[in-house]
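J.: Take this structure, written in structure tokens, and hold onto it; I'll ask about it next.
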Amino acid sequence: MRYAAMAMALMVAGAAQAGTETHSVREDGLVRFRASITGITRVSVKGDRITSIVNDDQASVYQVRNDKNTGDIFIRYVGPDNTMPDKEGGYLVTEQGRTVAIEILPIRASTQTIIVKLAGVPATATSAGAASSGDAAGGFAETSIGGGDRLVAQLTDATRKTILRKIRTPWPKSGRNGTLISSLRIGDLVGEVRVASAGASPKQVREQEFYRSGVLAVWVQKNSLAARERSWVVVVRNK
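If you want the working numbering, it's the 1-based position in the sequence shown plus 658.
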């Protein structure tokens, strides 16, 4: 019995040394995954390449390196020793202009491999411009009428640049629903960063809330908000 218990303990310990998680999520959805605090965690998006991870660099206990050859990112814990950190939030931006919200949960393991599969995304797409209008960043299905692939590519690029240049924290820390935080001019387009906010009750955020005259596309970081929760919204409009 003692040897059986020892063997079981060794099996559990071995399992904690390395692990692979596969997550299937829709674009703009949320992925929760475990990241090693004693080794390296690799994150890969199947059929796409990760160009960046957006998080609060100043507060994060993780160091992120993007590998340009593979399109993967590698996460390493750089926080205090012998401390289990809190979970962290942020999101991934891919080469095809798609965004996935992430929540990092710490785990004691030597290595972790995270594979993200984007549900409903054509596996043959190789660039943002190659995606169909219904599969581009949030809201494009309703705004690409008459614009074709070129408009989709422009809107995708404007959305991505607004996220990368203007959003500095994983989630809005304040602001009422619809509050304008900042804006960015990209050629003939303007990207606006706004807040989606739930009140005392949970809220379902819909892109239609942010459409007005001149708006061409809307991207919502998280559609289902709990009470008092906030998320980012990027609105792309004509200048």
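The C-beta atom is built at its ideal place from N, Cα and C for all residues, glycine as well.
From Gly748 to Ala884, what distance separates their C-alpha atoms?
T.: Here residue 748 refers to the residue found at position 90 of the sequence shown. Here residue 884 refers to the residue found at position 226 of the sequence shown. Approximately 17 angstroms, taken between the alpha carbons.
J.: Only counting the same chain, and skipping five residues up and downstream in sequence, which positions put a Cβ closer than 7 angstroms to that of Val719?
T.: Here residue 719 refers to the residue found at position 61 of the sequence shown. The residues are Tyr735, Val736, Gly737 and Pro743.
J.: Assess contact between the region 810 to 828 and the region 859 to 868, defined as three or more Cβ pairs (one per stretch) separated by less than 8 angstroms. Is contact present?
T.: The region 810 to 828 is not in contact with the region 859 to 868.
J.: Is the CB-CB distance between Leu763 and Lys745 below 8 angstroms?
T.: The residue you call residue 763 lines up with position 105 of the sequence shown. The residue you call residue 745 lines up with position 87 of the sequence shown. Yes; because the gap between Cβ atoms is below 8 angstroms, this pair is in contact.
J.: Could you name the residues that DSSP lists as bridge partners for Gly677?
T.: One-based indexing of the sequence shown puts residue 677 at position 19. Under DSSP, the beta-bridge partners assigned to Gly677 are Gln770.
J.: How many whole angstroms separate the CB atoms of Ile773 and Ser702, which I take to be in contact at a CB cut-off of 8 angstroms?
T.: For this step, residue 773 is matched to residue 115 along the sequence shown. For this step, residue 702 is matched to residue 44 along the sequence shown. So it is a contact: roughly 5 angstroms between Cβ atoms.
J.: For Val712, which option in Ser859, Thr837, Leu750 and Val878 has the closest C-alpha, if you only look at C-alpha atoms?
T.: For this step, residue 712 is matched to residue 54 along the sequence shown. Comparing Cα-Cα distances from Val712 to each of Ser859, Thr837, Leu750 and Val878, the minimum goes to Leu750.
J.: Threshold first: 3 residues or longer. Then list the beta strand (DSSP E) segments lying entirely within the region 820 to 856, N to C.
T.: 838 to 844 and 847 to 855
J.: Report the partner residues of Gln862 according to the DSSP bridge assignment.
T.: What you label residue 862 is simply residue 204 of the sequence shown in a count that begins at 1. Paired residue(s): Ser882.
J.: Return the Cβ separation of Val894 and Leu822 in integer angstroms, given the expectation that the two are a contact with Cβ distance under 8 angstroms.
T.: The residue labelled residue 894 in the question sits at position 236 within the sequence shown. The residue labelled residue 822 in the question sits at position 164 within the sequence shown. That pair is no contact at about 14 angstroms.
J.: Between the Cα of Asp714 and those of Ala856, Lys831 and Ser682, spot the shortest distance and give me the residue it belongs to.
T.: Taking the sequence shown and counting its residues from 1, the one referred to as residue 714 is at position 56. If we check each option's Cα against that of Asp714, Lys831 comes out closest.
J.: Considering just the uninterrupted stretch of the beta strand (DSSP E) at Gly697, what are its terminal residues?
T.: For the purposes of this step, residue 697 is identified with residue 39 of the sequence shown, where counting begins at 1. Segment: none, Gly697 is in no beta strand (DSSP E) and carries neither H nor E.
J.: Rank Arg826, Thr709, Val878 and Val722 by C-alpha distance to the C-alpha of Leu688 and give the top, closest one.
T.: Mapped onto the sequence shown, residue 688 falls at position 30. Out of Arg826, Thr709, Val878 and Val722, Val878 has the C-alpha closest to the C-alpha of Leu688.
J.: Take Thr837 and list the residues in its own chain whose beta-carbon comes closer than 7 angstroms to its own, dropping the five residues that flank it on each side.
T.: In the sequence shown, counting from the first residue as 1, residue 837 sits at position 179. Answer for Thr837: Arg852 and Val853, listed in chain order.
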